[in-house]
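Visitor:
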Amino acid sequence: MSAVCRRLLLAMALALTPLIAAAQAQAVDPTLTVRARQAIRLGDIEELERLHAEVRASKARDASGQLGLEVLRRTLDRQLDGPGGAIEAYFAEVEAFTLQWAQARPRSSLAHAMHLAALTNRAWYHRGTGYANTVPPHAWRDFTAVIERAAKYAAAHAEVLRSDSTAYPVLLNIARASGAPLDRLVSIGIEGLERNPEDHTIYQRVMIGLLPKWGGDARSVERWIREAETRTRAAYGKALYALLYAEAADQEFEHALFEQSLAEWRDLREGFRDVLARWPTPEHVNRFAYFACLARDQDTWHELVERVGTEPLLRQWGSNPRQMYDSCKRWASRQ
Amino acid sequence: MRRRQLLQGSMVAWTAGVAGLAHSPLAGAQAADPRVRHLARWLDSIFAWPADAAASPELAALRDRAVALAAAHRERLAPLLPQWVQQARAADPQDPDGDGIWVRLNNRLFNEVAMHDIDHVSAAVDEAWLAALQRPQACRMPPTTSGWWQRRLLPLATLEPALRDVALDGEARLLARWGQQPRDGLPERPAETSKTLIEAEVLQARQDGRRSGLAMPLAGAAAVFDRDPEEPDEWWPDARCVLHRWWLQRELARPGADRRALLDQYRFGSAATALYWIDASKLPPRRADQARAYPPRALRFEVTGDVKVELAVDREGVVRRARVVERKLMVPGIVGRPVAFEDLLDEASVRVFLGSKQSVPPPESFRGDLATTTAFTKWTLE
Numbered sequence: 001m002s003a004v005c006r007r008l009l010l011a012m013a014l015a016l017t018p019l020i021a022a023a024q025a026q027a028v029d030p031t032l033t034v035r036a037r038q039a040i041r042l043g044d045i046e047e048l049e050r051l052h053a054e055v056r057a058s059k060a061r062d063a064s065g066q067l068g069l070e071v072l073r074r075t076l077d078r079q080l081d082g083p084g085g086a087i088e089a090y091f092a093e094v095e096a097f098t099l100q101w102a103q104a105r106p107r108s109s110l111a112h113a114m115h116l117a118a119l120t121n122r123a124w125y126h127r128g129t130g131y132a133n134t135v136p137p138h139a140w141r142d143f144t145a146v147i148e149r150a151a152k153y154a155a156a157h158a159e160v161l162r163s164d165s166t167a168y169p170v171l172l173n174i175a176r177a178s179g180a181p182l183d184r185l186v187s188i189g190i191e192g193l194e195r196n197p198e199d200h201t202i203y204q205r206v207m208i209g210l211l212p213k214w215g216g217d218a219r220s221v222e223r224w225i226r227e228a229e230t231r232t233r234a235a236y237g238k239a240l241y242a243l244l245y246a247e248a249a250d251q252e253f254e255h256a257l258f259e260q261s262l263a264e265w266r267d268l269r270e271g272f273r274d275v276l277a278r279w280p281t282p283e284h285v286n287r288f289a290y291f292a293c294l295a296r297d298q299d300t301w302h303e304l305v306e307r308v309g310t311e312p313l314l315r316q317w318g319s320n321p322r323q324m325y326d327s328c329k330r331w332a333s334r335q
Numbered sequence: 001m002r003r004r005q006l007l008q009g010s011m012v013a014w015t016a017g018v019a020g021l022a023h024s025p026l027a028g029a030q031a032a033d034p035r036v037r038h039l040a041r042w043l044d045s046i047f048a049w050p051a052d053a054a055a056s057p058e059l060a061a062l063r064d065r066a067v068a069l070a071a072a073h074r075e076r077l078a079p080l081l082p083q084w085v086q087q088a089r090a091a092d093p094q095d096p097d098g099d100g101i102w103v104r105l106n107n108r109l110f111n112e113v114a115m116h117d118i119d120h121v122s123a124a125v126d127e128a129w130l131a132a133l134q135r136p137q138a139c140r141m142p143p144t145t146s147g148w149w150q151r152r153l154l155p156l157a158t159l160e161p162a163l164r165d166v167a168l169d170g171e172a173r174l175l176a177r178w179g180q181q182p183r184d185g186l187p188e189r190p191a192e193t194s195k196t197l198i199e200a201e202v203l204q205a206r207q208d209g210r211r212s213g214l215a216m217p218l219a220g221a222a223a224v225f226d227r228d229p230e231e232p233d234e235w236w237p238d239a240r241c242v243l244h245r246w247w248l249q250r251e252l253a254r255p256g257a258d259r260r261a262l263l264d265q266y267r268f269g270s271a272a273t274a275l276y277w278i279d280a281s282k283l284p285p286r287r288a289d290q291a292r293a294y295p296p297r298a299l300r301f302e303v304t305g306d307v308k309v310e311l312a313v314d315r316e317g318v319v320r321r322a323r324v325v326e327r328k329l330m331v332p333g334i335v336g337r338p339v340a341f342e343d344l345l346d347e348a349s350v351r352v353f354l355g356s357k358q359s360v361p362p363p364e365s366f367r368g369d370l371a372t373t374t375a376f377t378k379w380t381l382e
């Protein structure tokens, strides 16, 4: 190698170093999930507040594109939701714990948000997850009573809850469960995004509230997803378009996404390319391949199939995932 | 959720092994006698404390001191292990080297650990432990957490160094008591322990939704408030720590709380007793249809003896309430108090009497609708 080449390579390496360092500085602490899980399970309020302070000040995302705040919130939510067989006494303890936390830290938006999450979990425990016509009348009353309690609590602590974006996803859940009109959901969402435009969970929660099963329609969903795409285009291209429609499929449309919603495959494909350019995780690759099959796009399927490999992540393949994946393979081999 | 070192047959199959040791294995690990090797390996395993590069300075300092204590302990025990084997052989002169020796040796090991967990050293040491146990961080366990010794001492990582030293000096004194047969001066077993009290409270809450003031941490609530709840001896790993600590913290906050008495209840309730070392879920279920059925857990360790039960009897002679007030137990391999096995016949003994018909006590012994009397039940292995 000539001296000129070596100097050139060295200069390139030096020029890249700050970029790599910056990228590394932008990574979510890989121990965040473990620490958060342990802290909430042990009732370690100090540690929970420390973690919240860390993620609130950071724009770092994890490998799948989740903001540190989103990772923290999702981890805590899962713990609050309890084991699959949790009985009501569990939700009563969680409610009591989060209330103690909020009383000990009255200026903490996370503490109040978690108390609201505990209340909504308890309400859903009463209701169950079936369609409305499967819910017994007394269960509806219990559900409504707890949601009303949550709404009152939210109103009483609005100042703290609205001080940052932490609580907005749960505020949206409560508004949806209370039967708030669609434009109210949108205005709550926009208010939350003004606090933190990077908090993508807010886009997702608004979108869920606009789904037909919650009283919305495909047009409202489309309008909101286009709004999200426009707001985030500079930083993320069409990634939000893809991620939000993927969520809409999960939540309602399933394999009929392209028939029942206004999702456009061309935009979805472009969106997933933007997702993979930033967060090339196996989960996103599998999801993209699933939609390519659903859209019957041979070229994209073949582009992805090797990356999916022989062991697909079936969680990303919708309902009846094994059948879905196998049928995609058969379809592709017939072409 | 199922866990820990499993006892299979009468041999101990170590899942922890000795790979995580911060020191060379106990001298006995190379002994010719397989029973001495077994004891040495078991002790190595329970005193293992793997190094953790991510440990905080407090945790690293605690580990340094704990590893040094364990090393000195092992030095002292190494020459005693052949004596333990000889004592276990002498316990059955008819068949000193039969399979029963493994039961006797294991029982002795379990009892040494349980006695360590319930024993008392001084008021200053008690206060240091009480300070540690009142902090939520007390139950924080690194992913590398390995043996009993590490789990026992981890709560001390949260203490100020001076207080931590007091507690660790207490540990050194407790370790020096290992091997004494019989062991003198052990605390009396409280009528109720944190385990029995939590169990009763959970049962009540499951029935009527009533709950106490201080919220239970989620690790504990998830273990007990599930459709298929775990039994107290199966709470593991953080649920066990969290639930006992939660109970202690709440009781200490009551006006006029007797700190020493509460600590004893906590120690007996949370101690690593015999069931700590086995997977109780693998034992055959108890025969619900037979009040006199021998409890599989007691059978597992060949526990026999007499249990005195206090009965609350109504005017028809029907036993409405029952609780164990005294035990005289015999456990193979144990000379002195079988601390690790003390409650293994309790539930079955209560079941023998509860709902049964007894002779009606004289009218003057009634307080309200119930009169108190006592009865014995004998548990023997044919």
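These protein sequence lines map, in sequence, to chains A and B. Every letter in the first sequence is one number past the one before it in my numbering, and letter 68, counting from 1, is 68. Every letter in the second sequence is one number past the one before it in my numbering, and letter 352, counting from 1, is 352. No residue lacks a Cβ here, since even glycine has one placed at the ideal position from N, Cα and C.
1) Determine the chain A residues that contact Pro136/B at a beta-carbon separation under 9 Å, and present them in chain order.
2) Cβ of Leu218/B less than 8 Å from any chain A Cβ?
3) Taking C-alpha atoms, which residue in Val313/B, Ala70/B, Arg35/B lies nearest to Trp178/B?
4) On the CB-based measure, 16 or more other CB atoms within 10 Å of its CB, does Thr230/A come out buried or exposed?
5) Is the separation between the beta-carbon of Ile278/B and that of Trp149/B shorter than 8 Å?
6) Rounded to the nearest angstrom, what separates Asp97/B and Ala32/B at their Cα positions?
7) State yes or no: is the beta carbon of Val94/A nearer than 8 Å to at least one beta carbon in chain B?
8) Quick check on Asn133/A: buried or exposed, where buried means 16 or more other Cβ atoms within 10 Å of its Cβ?
9) List the residues of chain B that Gly128/A touches, going by C-beta distances under 9 Å, in chain order.
10) In terms of residues, what are the limits of the beta strand (DSSP E) holding Leu314/A?
11) Looking at the secondary structure, which residues open and close the alpha helix (DSSP H) in which Leu283/B lies?
12) Quick check on the DSSP output: the alpha helix (DSSP H) that includes Arg219/A runs from which residue to which?
13) Under DSSP, the alpha helix (DSSP H) around Glu148/A begins and ends at which residues?
14) Taking C-alpha atoms, which residue in Arg226/A, Asp164/A, Ala117/A, Gly209/A lies nearest to Ala180/A?
15) What residue from Ser356/B, Ala261/B, Gln134/B has the CA that sits closest to Leu159/B's CA?
16) Give a yes or no on whether the minimum CB-CB distance between Gln103/A and chain B is below 8 Å.
17) Is there a Cβ from chain B that is less than 8 Å from the Cβ of Glu88/A?
18) Say whether the segment 291-299 of chain B touches the segment 342-353 of chain B, bearing in mind that this needs 3 or more beta-carbon pairs closer than 8 Å, one atom from each stretch.
19) Compute the Euclidean distance between the alpha carbons of Ala332/A and Gln298/A, then round it to the nearest angstrom.
20) Looking only at C-alpha atoms, which of Leu39/B, Glu127/B, Trp129/B, Ala132/B sits nearest to Gln86/B?
21) Helix, strand or coil for Leu329/B? Go by DSSP, reduced to three states.
22) For Leu354/B versus Ala274/B, is the C-beta distance shorter than 8 Å?
23) Considering only the beta carbon of each residue, do Asp199/A and Ala239/A sit closer than 8 Å?
24) Per the contact definition of three or more C-beta pairs closer than 8 Å, is the segment 221-231 of chain B in contact with the segment 184-192 of chain B?
25) If you draw a straight line from the C-alpha of Gln24/A to the C-alpha of Ala63/A, how long is it?
26) Under the criterion of a Cβ to heavy atom distance below 7 Å, does Asn196/A qualify as lining the ligand MN?
27) Is the shortest distance between the beta-carbon of Pro83/A and the beta-carbons of chain B less than 8 Å?
28) When the Cα of Arg205/A is compared with those of Phe91/A, Arg269/A, Arg74/A, which residue comes out closest?
29) Using a 10 Å radius around the Cβ and a threshold of 16 neighbouring Cβ atoms, would you call Pro106/A buried or exposed?
30) Using a beta-carbon distance below 8 Å, is Glu171/B in contact with chain A?
31) Within the continuous alpha helix (DSSP H) that includes Leu218/B, where are the two ends?
32) Bridge partners of Thr158/B, per DSSP?
33) Could you compute how far the alpha carbon of Leu248/B sits from the alpha carbon of Asp126/B?
34) Apart from the five residues just before and just after Asn196/A, which ones in its own chain have a Cβ nearer than 6 Å to its Cβ?
35) With three or more C-beta pairs closer than 8 Å as the rule, is the segment 103-112 of chain B touching the segment 330-342 of chain B?
36) If you compare alpha carbons, which of Arg367/B, Gly170/B, Asp99/B is closest to Ala123/B?
Guide: Here's the rundown:
1) Ala39, Leu42, Gly43, Asp44, Ile45, Glu46, Glu47
2) yes
3) Ala70/B
4) exposed
5) no
6) 15 Å
7) yes
8) exposed
9) Here the premise fails: no neighbours, minimum Cβ distance about 14 Å.
10) Counting along the chain, Leu314/A falls outside any beta strand (DSSP E), and DSSP gives it neither H nor E.
11) Careful: Leu283/B lies outside any alpha helix (DSSP H) and carries neither H nor E.
12) 218-236
13) 137-156
14) Gly209/A
15) Gln134/B
16) no
17) yes
18) yes
19) 7 Å
20) Leu39/B
21) strand
22) no
23) no
24) no
25) Reliability fails at Gln24/A, whose pLDDT of 39 lies under 50, so the model's placement of it is uncertain and the value that follows must be treated cautiously. Computed Cα separation, rounded: 11 Å.
26) Annotation note on the ligand MN: not contained in the displayed structure, which lists no ligands.
27) yes
28) Arg74/A
29) exposed
30) no
31) 218-224
32) According to DSSP, which records beta bridges pairwise, Thr158/B is partnered with nothing at all.
33) 13 Å
34) Ser165
35) yes
36) Gly170/B
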